[in-house]
Amino acid sequence: MKGIILSGGFGTRLYPMTKVISKQLLPIYDKPMIYYPLSVLMLIGIREILIISSPQHIELYEKLLGNGSRIGIEISYVVQEYPKGIAEAFLIGENFIKDNRVCLILGDNVFYGQGLVQILRDASQLNEGAVIFGYYVNNPKQFGVVEFDDRGNVLSIEEKPEKPKSNYAIPGLYFYDQTVVEFARNLKPSERGELEITDLNKEYLKAGKLKVKILGRGIAWLDTGTPEGLLEASNFISAIQKRQGLYVACIEEIAYRQGYISKNQLLKLANEMKNTDYGKYLSKIAYEI
């Protein structure tokens, strides 16, 4: 399975912070926002990753992450000239996807919690169809909402409904089989001129090939699209790391624990940041028994 991180858009809700920089490069506590979705893909074993971003920002991502070899993965990049909907990612990434299954995660989505990795690894094993997720929220009118039966079969999907059929919002994390490009190619732009991910999911639903998995109470899905959300996410990560002494979304640690890089490679990365708490943490990890 391959992975795509969509980090386009204008980030207008975060102006003036995002007037000259991509939202997904802003910090969430001690690391760039994009580390969080990247870490999710790495944790479920995905090592071939495509980052999609705008023409003015794509080089910044390349400077930050390179080709991924430093952390034992392969990262490639492609430009989205203008944001035309989440589902456009599959058309932009067609040559990258080829005949592979693919996981798409939005660059501003942050996930954390007990059991998350196993849920996502199970979803990544799909042979056909698509898997989306349901997350219980108090304000479903603000999200795409999924209705489903007790076997995880999706009954309906609605985008920001006036009368939601459930309290389960759909986070920006999706798994699809090899037919996703074909489905995306047949989509028609919505009234706002975009290829909607909701419409893509509805095509899988019509084909009877859409499943939903629930992200339960022990899992956090954080909104980072507003200044308040960005601050709350930073405070959340800070509290977790200070309480446990373990870092969240530390891509170098994940690479080491997944066996993608050696102890010596980890120590080299740590030495590059030796004057920071982040670098000292990597050194500590390397010398653990």
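Residue numbering for the sequence shown is 50 to 338, as defined by the working numbering. We treat Cβ as the ideally placed atom computed from N, Cα and C, and that holds for glycine. Note that the structure is a prediction, hence the values are computed from the model and not measured.
Would you decide whether residue i is buried or exposed? Buried here means 16 or more other CB atoms lie within 10 Å of its CB.
{"i": "Asp198", "result": "exposed"}
{"i": "Glu245", "result": "buried"}
{"i": "Tyr131", "result": "exposed"}
{"i": "Ser56", "result": "buried"}
{"i": "Ser311", "result": "exposed"}
{"i": "Asn158", "result": "buried"}
{"i": "Asp148", "result": "exposed"}
{"i": "Arg150", "result": "buried"}
{"i": "Gln163", "result": "exposed"}
{"i": "Met91", "result": "buried"}
{"i": "Gly242", "result": "exposed"}
{"i": "Glu321", "result": "exposed"}
{"i": "Gln73", "result": "buried"}
{"i": "Val69", "result": "exposed"}
{"i": "Pro86", "result": "buried"}
{"i": "Ser359", "result": "Look at the range of the chain in this structure, 50 to 338, and you will see that residue 359 is not part of it."}
{"i": "Asn250", "result": "buried"}
{"i": "Leu280", "result": "exposed"}
{"i": "Glu240", "result": "exposed"}
{"i": "Ala233", "result": "buried"}
Tell me which residue opens and which closes the beta strand (DSSP E) that residue i is part of.
{"i": "Gly183", "result": "179 to 185"}
{"i": "Ile100", "result": "97 to 102"}
{"i": "Leu55", "result": "51 to 55"}
{"i": "Ala269", "result": "268 to 272"}
{"i": "Ile124", "result": "123 to 128"}
{"i": "Tyr223", "result": "222 to 225"}
What would DSSP say about residue i, mapped onto helix, strand or coil?
{"i": "Ser88", "result": "helix"}
{"i": "Phe145", "result": "helix"}
{"i": "Gly201", "result": "coil"}
{"i": "Asp157", "result": "coil"}
{"i": "Ala233", "result": "helix"}
{"i": "Ala335", "result": "helix"}
{"i": "Lys72", "result": "helix"}
{"i": "Ala298", "result": "coil"}
{"i": "Lys262", "result": "strand"}
{"i": "Lys80", "result": "strand"}
{"i": "Tyr309", "result": "coil"}
{"i": "Ala131", "result": "Correcting the residue type first, residue 131 is Tyr in the shown sequence and not Ala. Three-state result, Tyr131: coil."}
{"i": "Gly94", "result": "coil"}
{"i": "Gly193", "result": "strand"}
{"i": "Ile219", "result": "coil"}
{"i": "Gly242", "result": "coil"}
{"i": "Gly117", "result": "coil"}
{"i": "Gly60", "result": "coil"}
{"i": "Glu207", "result": "strand"}
Could you give the residue range of the alpha helix (DSSP H) that holds residue i?
{"i": "Ser283", "result": "276 to 293"}
{"i": "Glu111", "result": "107 to 114"}
{"i": "Leu254", "result": "246 to 255"}
{"i": "Arg150", "result": "Neither: Arg150 is in no alpha helix (DSSP H) and is coded neither H nor E."}
{"i": "Gln167", "result": "165 to 172"}
Counting contacts by CB-CB distance shorter than 7 Å, is residue i in contact with chain D?
{"i": "Lys80", "result": "This model lacks chain D altogether, as it is built from one protein chain only."}
Excluding the 5 residues flanking residue i on each side, which residues of the same chain have their C-beta closer than 7 Å to its C-beta?
{"i": "Pro276", "result": "Leu63"}
{"i": "Val195", "result": "Ile181, Gly183, Val203, Ile206, Ser215, Tyr217, Ile219, Val261"}
{"i": "Leu316", "result": "Ser332, Ala335"}
Since I believe residue j is in contact with residue i (beta carbons under 8 Å), could you give me their beta-carbon distance rounded to a whole number of angstroms?
{"i": "Val261", "j": "Phe182", "result": "7 Å"}
{"i": "Lys51", "j": "Ile95", "result": "7 Å"}
{"i": "Leu236", "j": "Ala136", "result": "6 Å"}
{"i": "Tyr184", "j": "Pro220", "result": "5 Å"}
{"i": "Ile77", "j": "Thr273", "result": "7 Å"}
{"i": "Ala319", "j": "Ala304", "result": "That pair is no contact at about 12 Å."}
{"i": "Ile100", "j": "Ile54", "result": "5 Å"}
{"i": "Ala179", "j": "Tyr223", "result": "7 Å"}
Excluding the 5 residues preceding and the 5 following residue i in the sequence, name in chain order all residues of the same chain whose CB lies nearer than 6 Å to its CB.
{"i": "Leu75", "result": "Met82"}
{"i": "Pro104", "result": "Val128"}
{"i": "Thr67", "result": "Gly60"}
{"i": "Leu271", "result": "Val159, Ala282"}
{"i": "Phe145", "result": "Leu99"}
{"i": "Gly193", "result": "Glu208, Ile219, Thr247"}
{"i": "Gly201", "result": "Lys260, Val261"}
{"i": "Lys329", "result": "none"}
{"i": "Leu155", "result": "Leu55, Gly221"}
To which residues of the same chain is residue i closer than 8 Å at the C-beta, ignoring the five residues directly before and after it?
{"i": "Tyr327", "result": "Asp79, Lys80, Tyr296, Cys299"}
{"i": "Lys190", "result": "Lys209, Pro210, Glu211, Pro213"}
{"i": "Ser173", "result": "Met50, Ile93, Gly94, Ile95, Arg150, Cys152, Phe224"}
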